[in-house]
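In our numbering, the protein residues as written are 53 to 474.
Beta carbons: idealized from backbone N, C-alpha and C, even for Gly.
What follows is a single structure, written as structure tokens, with notes after it.
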Amino acid sequence: MKKKNSEAVPGADQGLFGELPPPAPAKKSGLLAFSYSKLSLYEECPLKYKFKYIDKMKEEPKYYFAFGNSVHAALEFLYSVKAPPFPSLEETLDAFRRDWAAKSYLEKGYRSPQKAEDDCRKGLAMLKAYYEHNRRSFKPPFLVEYSTDVEVDGLLVRTISDRIEHLGGGELAIIDYKTGKDVKRQPLQLYMYQKINELDPRLREKLAETYGLRVSAVKVRQLLYYHVPTLKEYPFERADDKEIGAFWERVLGVADGIKGLKFEPTPGERQCAWCDFKSLCPAFFGGHHRPADLPPPEAVKIEALVDRYGQLKEKMADLQAQLDEVAGSLGRAAKDGGEYAGSQYTARVKKNSKWEFRDREAVIGVLNKFDLYQKALNLTLTGITSVLESADLPEEARKKLLEQAVKRTAFDIKITKKEGLI
Ligand code: SF4
53 MKKKNSEAVP GADQGLFGEL PPPAPAKKSG LLAFSYSKLS LYEECPLKYK
103 FKYIDKMKEE PKYYFAFGNS VHAALEFLYS VKAPPFPSLE ETLDAFRRDW
153 AAKSYLEKGY RSPQKAEDDC RKGLAMLKAY YEHNRRSFKP PFLVEYSTDV
203 EVDGLLVRTI SDRIEHLGGG ELAIIDYKTG KDVKRQPLQL YMYQKINELD
253 PRLREKLAET YGLRVSAVKV RQLLYYHVPT LKEYPFERAD DKEIGAFWER
303 VLGVADGIKG LKFEPTPGER QCAWCDFKSL CPAFFGGHHR PADLPPPEAV
353 KIEALVDRYG QLKEKMADLQ AQLDEVAGSL GRAAKDGGEY AGSQYTARVK
403 KNSKWEFRDR EAVIGVLNKF DLYQKALNLT LTGITSVLES ADLPEEARKK
453 LLEQAVKRTA FDIKITKKEG LI
């Protein structure tokens with residue numbers, strides 16, 4: 053299943069479960085790979101656009117995109133039928149659960165497992181309501197998750213339409229689901245879909261393949277946002293030539309800005325609040341937009357780096373805790389050890405026992421008493437362990453050392469990525 057994600061802030065006029073993935077690299081030189089998400093990000097802040105698309109800086113995962121993606125995956129599963137019967141409610145919910153389970157709560161961008169579980173329950177309830185509300189009108193759609201790249205005006209524009217219905221005679225309805233808090237009434241994203249789908253020659257071929265219908269052109273008749281949390285529909289008539297013309301001027305203006313390398317920051321509460329590049333941004337300082345009389349960015353950058361370093365360390369601690377937990381579960385599941393394969397990785401698990409000593413001072417006391425300090429290789433764990441396990445250790449010394457020792461099971465896990473996977 054394809055995934056969508058976005059750089060836009062929650063509630064922005066974005067693709068359903070966030071935005072489209074970055075368009076494929078332009079196939080012909082001189083073409084700028086473009087999408088609605090690129091348009092909205094550049095309009096939000098050109099510098100943020102640069103950090104993401106030109107410098108290819110990584111962003112933190114966002115839980116609201118993960119949530120939207122999983123709802124999206126379940127709806128894609130539900131509608132991917134050529135003929136009835138449709139998947140049952142339970143099968144649809146399972147599709148959601150599968151997608152949800154594919155990533156840990158941290159990978160999804162949640163700060164706690166509890167919040168992720170709450171959203172999982174919310175997603176299941178949302179899908180159940182959607183299914184029950186719409187089950188009587190289920191019919192196989194013309195296309196689901198239809199992705200296309202179309203060349204126009206020096207751009208290679210990618211759109212992914214959530215669902216396309218054929219209304220007859222080559223006329224289409226495009227449906228885009230929303231899972232955020234609200235739906236902006238601005239249909240600009242749908243205008244992009246209208247324009248690109250009408251230019252796409254593959255759609256005519258698909259009509260011929262699916263319905264045996266040959267038309268000289270496809271026409272988008274209806275546009276619809278479907279807000280899944282409230283089961284509300286927001287329909288729009290197709291945009292007329294004037295509306296499309298004005299929208300396209302805007303697209304070309306943004307494309308000119310990108311091609312002309314115009315990446316001035318445009319700070320604002322909303323866009324900066326959700327921006328992962330604050331620590332690199334000259335217009336943002338210490339949680340605020342940088343006042344005009346502050347020293348130049350080089351002088352203040354170290355403070356931002358301190359915060360960034362702290363945030364990364366915190367995240368690393370979170371990840372380490374999660375890694376330890378998974379390693380423990382893997383070790384227990386592997387029982388006596390061996391080699392195990394997942395779909396992407398292979399793990400070689402070796403089971404070991406190791407001694408741990410509770411009280412360092414008491415251990416030193418025993419070693420000194422029995423003149424074993426040197427043998428313990430100056431108190432390394434390996435040294436003390438070898439003293440404890442040596443056959444010629446006086447029984448009294450062994451007994452005293454064992455009083456301070458605990459034997460634990462440890463797992464040595466070596467992971468390799470399967471060949472062919474990158
Ligand atoms: S912090 Fe604000 S101004 Fe700076 S790049 Fe991010 S959104 Fe733009």
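Within 8 Å: the Cβ of residue i and any heavy atom of the ligand SF4?
| i | result |
| --- | --- |
| GLU96 | yes |
| GLY383 | no |
| CYS327 | yes |
| PHE336 | yes |
| GLN363 | no |
| GLY320 | yes |
| LYS100 | yes |
| CYS172 | no |
| LYS314 | no |
| ARG330 | For clarity, residue 330 is Lys in the given sequence; the question names Arg instead. Yes, since a heavy atom of the ligand SF4 falls inside the 8 Å radius drawn around the Cβ of LYS330. |
| PHE117 | no |
| PRO193 | no |
| PHE129 | no |
| PHE86 | no |
| PHE463 | no |
| ALA281 | Going by the sequence as given, residue 281 is Pro instead of Ala. No, the Cβ of PRO281 stays beyond 8 Å of every heavy atom of the ligand SF4. |
| PHE299 | no |
| LEU317 | Note that residue 317 corresponds to Pro in the displayed sequence, not to Leu. Indeed, a heavy atom of the ligand SF4 lies less than 8 Å from the Cβ. |
| PHE138 | no |
| GLN323 | yes |
| PHE288 | no |
| PHE148 | no |
| PHE190 | no |
| PHE409 | no |
Suppose the cutoff is 7 Å on Cβ atoms and the five residues either side in sequence are ignored; what does the same chain contact list for residue i look like?
| i | result |
| --- | --- |
| LYS155 | ALA118 |
| TYR425 | LEU419 |
| GLU455 | none |
| VAL280 | VAL123, MET178, TYR182, TYR229, LYS230, THR231 |
| PHE336 | PRO319, CYS324, LYS330, ARG342 |
| ARG149 | none |
| ASP252 | THR200, VAL202 |
| GLU197 | LYS54, GLU128, ILE212, ASP214 |
| ARG256 | VAL267, VAL270 |
| ALA76 | Residue confidence for ALA76 is low, a pLDDT of 47 falling below 50, so the modelled location carries little weight and cannot support an answer. |
State the beta-bridge partners of residue i as determined by DSSP.
| i | result |
| --- | --- |
| LEU453 | Per DSSP, none; premise fails for LEU453. |
| ASN404 | ALA462 |
| ILE106 | BP columns for ILE106 are empty, so no partner. |
| LYS469 | TYR397 |
| ASP201 | ARG210 |
| GLY390 | VAL401 |
| PHE409 | ALA457 |
| LEU84 | LEU207 |
Go to residue i, then tell me how far its alpha helix (DSSP H) extends in each direction, as first and last residue.
| i | result |
| --- | --- |
| SER122 | 115-131 |
| PHE148 | 141-153 |
| ASP170 | 165-186 |
| GLU289 | Run containing GLU289: none in the alpha helix (DSSP H); it sits in the beta strand (DSSP E), 284-289. |
| LEU419 | 412-421 |
| ALA325 | 321-325 |
| PHE194 | Looking at the DSSP string, PHE194 is not in any alpha helix (DSSP H), and its letter there is neither H nor E. |
| SER89 | 88-96 |
| PHE299 | 293-311 |
| ARG256 | 253-263 |
| LYS427 | First-last for LYS427: undefined, no H or E at that position. |
| LYS160 | 157-160 |
Over what stretch of residues does the beta strand (DSSP E) that includes residue i continue unbroken?
| i | result |
| --- | --- |
| ALA225 | 223-230 |
| ASP214 | 207-220 |
| LYS271 | 271-279 |
| LEU440 | First-last for LEU440: 433-441, but that is the alpha helix (DSSP H), not the beta strand (DSSP E). |
Please return the same chain residues whose Cβ sits closer than 6 Å to the Cβ of residue i, not counting the five positions on each side in sequence.
| i | result |
| --- | --- |
| LYS402 | GLY389, ASP464 |
| ALA462 | ASN404, LYS406 |
| ARG360 | SER331 |
| LEU382 | none |
| LYS114 | GLY161 |
| LYS102 | PHE315 |
Go through its chain and collect everything with a Cβ distance to residue i's Cβ below 8 Å, but skip five positions before and after it.
| i | result |
| --- | --- |
| PHE129 | MET53, PRO139, GLU143, THR144, ALA147 |
| GLU316 | PRO98, LEU99 |
| GLN374 | SER156, LEU158 |
| ASP370 | LEU158 |
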